[in-house]
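Read through the structure below, which is laid out as structure tokens, and then see the notes.
Residue numbers (the numbering used here): 1256 to 1832.
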């Protein structure tokens, strides 16, 4: 596509240009769909790499202008794909709807190795620590998302929840890293210090004090962060897999750790049958909750949006909705006052040498200042453009194209996300046309090589990704490699030409998707060789593919089979898809 420069010029000179206002976003919008399978840290204890999925909503966060992050752990005999996200129907544990509502990122990993011979999380470990095993790889994936600015995660809004062994691991992580997890949601999970043989009932002599002691010891130097942590438990009255007494015992233990006196609210009925009891500390703050679900067996209560199969109950309370509401209303680490939102911003070209930038914002407090940032021949970075509900300020600008942003800061120091001011023209259009022929080479998981046709008279080129300039200074060649990208993600690239007359219009955008970063390989060998090479494991004389647990046949040097590694450490029986 080639821009019609004459038409742009005539429109600019014929009338004042008032560009449409744009609604600001509190964070970069995601795809609003579950990701492809990801590969994260290597588990040196249980084997393989942590794989799984994440959901990045297109909606905006609802608290403090930054996103919450929720780590969701499946139970034994479950997988992230088949049960937590249920990619076929997007039901599963029913996290998509609530993630959209709160603008939260959700991570759904698969348990590495084959712990307890059922692909469980190692909740019963006698050596919970931050540097190895399931604890380490789960904390690592949380840190990856918190540290990546594109997701805009608030470190004070990180939560963990899970079912069965995932529920036990949820409590273990809440105990091990109270500095990381502001909220914990335990679903039918045993407490720390118990063994897999004790899953059906609380052992004699094991009390809330026992669990509290084990939990607090795991936290070590981070124990002070228990003072601002909140937690809850949920279990079914027909659960005969995990002892029902573990739920109230876990919450009694957490209240002992949190310290002080607690008062129970009156029970409140929950949809689908059952009741919830909140416990308040001496300051009147809700710190724990306990949900008893009537008639539910050993399952994740997903509500009507869940898949209602394979340890997921779609007929009872919608626990994702409940626990997100609990976390958001009672979070002790972030203000319940949302930051400001720029509701409109625009550019009004009033002469051949000036333009007025206007904007408006809403805030639960007061807007103390607006910041205007413009890219173009005369760059602007004005941090005192105005204050109050709206502003309007005129800038003297050189001839050429401009684009920029408006942000607002409130009296609590919270800054809104940027409202984008679309490209506008001051004076006559530069003689340089936008570059043509933008194309991409072979993308990798983290980079995309770009190239375009040369523009006569251009001394350099600027490259844009998703509307943001990547080049600190114009590049002098007609190629550029965008790096630092995320695997399996779609990006929009564009390029402009720069010369003596200024910067040209931005070219038509080019969408490119990075690769997942992994190539499937197949190996045909004896089942004995597969096991010895770490592609499979043996259970009662049968060989099961690592990761998928698909049966490959008998454990024998004479039984041949083909196994394909579709993700690091994840094998299926048969050829690559």
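All C-beta atoms, glycine included, are put in the ideal place defined by N, C-alpha and C. Computed from a predicted model, the values in this text were never measured in an experiment.
Below 8 Å, enough C-beta pairs join the region 1318-1335 and the region 1395-1409 to call them touching: three or more.
Rounded to the nearest whole angstrom, the C-alpha separation of residue 1630 and residue 1406 is 24 Å. For residue 1507, there is no enclosing beta strand (DSSP E); the residue is found in the alpha helix (DSSP H) stretching over 1501-1513. Taking the C-beta atoms as reference points, residue 1730 is found nearer than 8 Å to residue 1716. With contacts defined by Cβ atoms closer than 8 Å, residue 1749 and residue 1769 do not form a contacting pair. The Cβ atoms of residue 1610 and residue 1681 sit closer than 8 Å to each other.
In the same chain as residue 1736, and ignoring 5 residues on each side of it, the C-beta atoms closer than 6 Å to its own belong to 1702 and 1704, in chain order.
The beta-carbon separation of residue 1643 and residue 1622, rounded to 6 Å, stays under the 8 Å limit for a contact.
Straight-line measurement puts the Cα of residue 1430 at about 44 Å from the Cα of residue 1615. Three or more Cβ pairs closer than 8 Å define a contact, and the region 1547-1557 meets that threshold against the region 1488-1500. Using a 10 angstroms sphere on the CB of residue 1452, the tally of other CB atoms stays under 16, which defines it as exposed. For residue 1783, the enclosing alpha helix (DSSP H) starts and ends at 1782-1787.
Below 8 Å, too few C-beta pairs join the region 1580-1590 and the region 1561-1570 to call them touching: fewer than three. Within 10 angstroms of the beta-carbon of residue 1455 lie fewer than 16 other beta-carbons, which makes it exposed.
Per DSSP, residue 1588 lies in no alpha helix (DSSP H) segment and is marked neither H nor E.
Taking 8 Å as the cut-off, the beta carbon of residue 1586 is found no closer than this to the beta carbon of residue 1315. According to DSSP, residue 1792 shares a beta bridge with 1799.
The Cβ neighbour count for residue 1801, taken over all protein chains shown within 10 Å, is at least 16; the residue is labelled buried.
In the DSSP secondary-structure assignment, residue 1531 is bridged to 1523 and 1546.
Under DSSP, residue 1415 takes part in a beta bridge, and its partners are 1326 and 1439. Counted as a single uninterrupted DSSP element, the beta strand (DSSP E) harbouring residue 1637 occupies residues 1635-1641. With a contact defined as Cβ atoms closer than 8 Å, residue 1777 and residue 1803 miss out at about 14 Å.
DSSP places residue 1808 in the strand class (E or B) of the three-state scheme.
Per the Cβ contact rule, the region 1513-1530 is in contact with the region 1542-1551 (3 or more Cβ pairs under 8 Å). Nearest to residue 1418 by alpha-carbon distance, out of 1608, 1633, 1313 and 1441, is 1441.
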